[in-house]
Amino acid sequence: MATIIPRMDGHANRAGNLDDRTNTLFSIAKDLSKEFGAHVAIVMFSPTNEPKAYCAPTAKSVLRTYLPKIHSSLSPACSEMAEEATTRVDGMKQEAKETAFLAEAERACQATSWLKIFAASTTLGVDELPVFIRALEVLRTDVQGHLDAMESSQKEKMHP
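Numbering follows numbering that gives the first Met the number 0, with no gaps: position 160 of the sequence shown is 159.
Structure representation (structure tokens):
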């Protein structure tokens with residue numbers, strides 16, 4: 000016995016039909032409560048998004064009944080676990096900073112290397128140029144493999 004009440008758009012429509020909807024909701028809740036012998040609470044949100052609970056028991060009383068009380072002081076195990084998590088997150092942040100620094104240093108080193116390679120390529124003869132181009136392709140493949148390995152290693156550290 001599921002009854003769906005369509006959502007109404009517009010503040011005037013919501014305010015004008017709230018009484019009709021409330022009666023319908025209460026009758027549905029009453030039927031569900033009788034049919035299944037269950038606690039039923041109706042939670043509605045006002046135009047200011049404040050929750051309102053109706054029926055007995057209210058949502059707050061259900062939570063108080065079925066959820067354990069939350070103590071203001073944490074247990075030693077919880078404190079230790081929170082400290083370990085904080086330490087691990089701090090370590091991961093530090094590793095991310097170090098990785099970014101190392102990647103930037105690698106880019107700077109490669110930029111310098113490319114300048115040297117460009118300078119060397121301008122002094123090559125026609126016969127040496129194909130060999131030089133092949134060496135550059137091998138170097139590019141090696142560097143890309145190195146960068147992929149660094150990125151993969153970083154992802155594994157961040158998501159074990």
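In this text, a Cβ means the ideal position worked out from N, Cα and C, and glycines have one as well. Quick caveat, the model's predicted, so the values are computed rather than measured.
Enclosing alpha helix (DSSP H) for D141 [first to last residue]
Note, D141: alpha helix (DSSP H), L128 to M157.
For V39, is the classification buried or exposed, using 16 other Cβ atoms within 10 angstroms of its Cβ as the cut-off for buried?
In the assembly as shown, V39 is a buried residue. Its beta-carbon has 16 or more other beta-carbons within 10 Å.
Does the separation of the CB atoms of T98 and Q153 fall below 7 Å?
Contact flag set, yes.
Taking just the CA atoms, how far does P75 sit from A104?
The alpha-carbon separation between A104 and P75 amounts to approximately 43 Å.
Tell me the rounded alpha-carbon separation between M91 and L101.
If you take the alpha carbons of M91 and L101, they lie about 15 Å apart.
Please confirm whether G94 and K156 have their CB atoms less than 7 Å apart.
Note that residue 94 is Glu in the sequence shown, not Gly. Closer than 7 Å, so yes.
From S151 to K96, what distance separates their C-alpha atoms?
Taking the straight line joining both Cα atoms gives about 16 Å.
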